[in-house]
Each structure stands twice: as structure tokens, then as C-alpha cells.
Amino acid sequence: MTRMNKQQVVDHWCHASRLEGVDHTRGTQAATEQSKAFLQTLMDLIDIEQARYRYLAQRICDVYWEHNIAHRTDQTEGYPGHHGCRVRLRGRKLELSWYYNSFVPKEGGTGHAVYSEHISKEGQYRYFKSAFARAQDWENPVIADIEDGFELIRRLNANLTQLRRTLKSSVCLLAELEAYLEEILAPLARAAKTEGTGKK
Numbered sequence: 018m019t020r021m022n023k024q025q026v027v028d029h030w031c032h033a034s035r036l037e038g039v040d041h042t043r044g045t046q047a048a049t050e051q052s053k054a055f056l057q058t059l060m061d062l063i064d065i066e067q068a069r070y071r072y073l074a075q076r077i078c079d080v081y082w083e084h085n086i087a088h089r090t091d092q093t094e095g096y097p098g099h100h101g102c103r104v105r106l107r108g109r110k111l112e113l114s115w116y117y118n119s120f121v122p123k124e125g126g127t128g129h130a131v132y133s134e135h136i137s138k139e140g141q142y143r144y145f146k147s148a149f150a151r152a153q154d155w156e157n158p159v160i161a162d163i164e165d166g167f168e169l170i171r172r173l174n175a176n177l178t179q180l181r182r183t184l185k186s187s188v189c190l191l192a193e194l195e196a197y198l199e200e201i202l203a204p205l206a207r208a209a210k211t212e213g214t215g216k217k
């Protein structure tokens with residue numbers, strides 16, 4: 018059986034909606050079931066899309082760390098870099114965050130202990146420049162470029178969040194519509210047929 022393309026499916030439903038003298042019970046059930054499946058598919062696709070954003074954000078994050086590693090030398094003024102970035106997807110929350118590292122000498126002079134301080138993001142989609150006031154000269158331009166990419170990811174992710182809200186609303190509305198079709202419209206249609214057969 019040949020699979021219908023998008024326009025054929027549209028034409029099929031439009032044609033079926035105009036058919037008269039047939040029982041539309043099965044068609045109504047099919048329409049509501051397919052609508053529910055459609056909404057669930059979209060929810061699943063949004064989860065997958067967010068995972069892709071997490072992947073892309075990690076690529077951006079990795080470039081920052083490549084610069085950080087490249088500057089881990091006494092030849093670099095301002096060594097070491099104190100800022101770090103991290104990408105995490107926890108549940109349905111995508112986090113693209115920055116932190117500040119402090120290096121404290123260990124007792125006995127055997128290296129340094131690293132203490133990380135989370136930097137709060139006060140802007141809606143990106144960190145303010147003031148958040149990186151302690152950045153080394155080499156860090157500032159790299160952080161700015163990385164934040165440009167992070168901002169785009171954050172905006173895309175915000176759109177996904179809005180889509181989820183819209184879909185949740187649609188799920189509730191579709192449930193109400195299904196109840197209406199079964200509890201109000203179906204009895205109303207049967208009553209109309211009864212009244213019609215009772216007329217002489």
C-alpha cells in the first residue's frame with residue numbers, strides 16, 4: 018500500500034469531513050487518537066531536540082577549554098585562566114553556566130587545591146560583562162565569543178520551553194474536546210435523529 022504524502026492526508030480529511038449519510042463515529046475516534054499521538058510525538062521530538070542543543074553547546078564549551086589548556090604555560094601573561102564553563106542537561110533543564118576557580122596552595126607545597134565558585138547569570142539569555150570582571154586579558158575575548166554561541170542556544174532552548182507549555186495546554190484542551198464529543202455532541206446528534214424520525 019502506497020503511503021500518502023502530506024497533501025494527500027490533508028485532502029483525505031477535508032473530503033471525509035464533507036461526507037454525508039455516513040456514520041462518523043470511527044472517523045471521530047481516529048481523528049482524536051491521531052491528534053493525541055501527534056502531540057505526544059511532538060513532546061518526544063522536543064526532548065530529542067534539546068539533547069541536540071546540549072550536544073552543540075558542548076562543542077562550544079569545548080572550544081573554550083581548548084583555549085584554557087593552551088594558556089596553561091608560564092609563557093602566557095595572566096596564567097592560569099580562572100574561569101570555566103559547563104554544559105548540563107538535567108531532566109528537561111539545559112544549563113550553560115560559568116564558574117570562577119581559585120587556586121590555593123596545598124599544605125607541604127604539593128600543588129594547588131581548586132575551589133570553584135558558581136557565577137550567577139543575571140541576564141535573561143547571557144551573562145553580563147560584569148560577571149567576568151576578574152577575567153584575565155586573554156580570557157575576555159574568548160569568553161565573549163563563547164557567550165555569543167551560548168546565547169543562541171539559550172534562546173533556542175527557551176523556544177522549546179514555550180513549545181512544551183503550548184503542547185501541555187493542547188493536551189488538556191484535546192481531552193476536553195474528546196469528553197465534549199462523547200458526552201455532549203454524540204447524545205445531541207442521536208437526539209436530532211430521533212426527532213427527525215418522529216416527524217410525520
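Under our numbering, the residue at position 155 of the sequence shown is numbered 172, and the numbers go up by one with no gaps.
We treat Cβ as the ideally placed atom computed from N, Cα and C, and that holds for glycine.
Please report the Cβ distance between residue i and residue j, rounded to the nearest whole angstrom; I am assuming they are in contact, meaning their Cβ atoms lie under 8 Å.
| i | j | result |
| --- | --- | --- |
| S119 | E134 | 7 Å |
| W106 | R69 | Here residue 106 is Leu; the residue named in the question, Trp, does not match the sequence. That belief does not hold up - the Cβ atoms of L106 and R69 are roughly 10 Å apart, past 8 Å. |
| A54 | G44 | Between G44 and A54 the Cβ distance is about 16 Å, and since that is not below 8 Å, they are no contact. |
| I63 | L173 | The Cβ separation is near 11 Å, so there is no contact. |
| C78 | V104 | 5 Å |
Do residue j and residue i have their beta-carbon atoms positioned less than 8 Å apart in this structure?
| i | j | result |
| --- | --- | --- |
| Y116 | I136 | yes |
| A152 | I160 | yes |
| I170 | L73 | yes |
| L191 | L56 | yes |
| L184 | M60 | yes |
Can you list, in chain order, the residues of its chain with a C-beta nearer than 6 Å to that of residue i? Leave out the 5 residues immediately preceding and following it.
| i | result |
| --- | --- |
| P122 | H129 |
| E156 | G98 and H100 |
| K217 | Model confidence at K217 stands at a pLDDT of 44, short of 50, so the residue's coordinates are unreliable; what they give is reported in the following sentence. So no residue of the chain qualifies. |
When DSSP labels each residue in this structure, what does residue i get in the three-state scheme?
| i | result |
| --- | --- |
| G101 | strand |
| R107 | strand |
| V131 | strand |
| W155 | coil |
| V39 | coil |
| E144 | This sequence places Tyr at residue 144; Glu is not what is there. Coil. |
Do you know offhand how far residue i's Cα is from residue j's?
| i | j | result |
| --- | --- | --- |
| T49 | Y144 | 44 Å |
| V80 | K110 | 22 Å |
| T58 | F149 | 41 Å |
| S186 | Q51 | 17 Å |
| R35 | Q25 | 16 Å |
| H84 | Q46 | 58 Å |
| N176 | Y142 | 12 Å |
| R182 | E212 | 43 Å |
| G140 | E168 | 10 Å |
Excluding the five sequence neighbours on either side, which residues of its own chain have a C-beta within less than 7 Å of the C-beta of residue i, listed in chain order?
| i | result |
| --- | --- |
| V131 | N118 and F120 |
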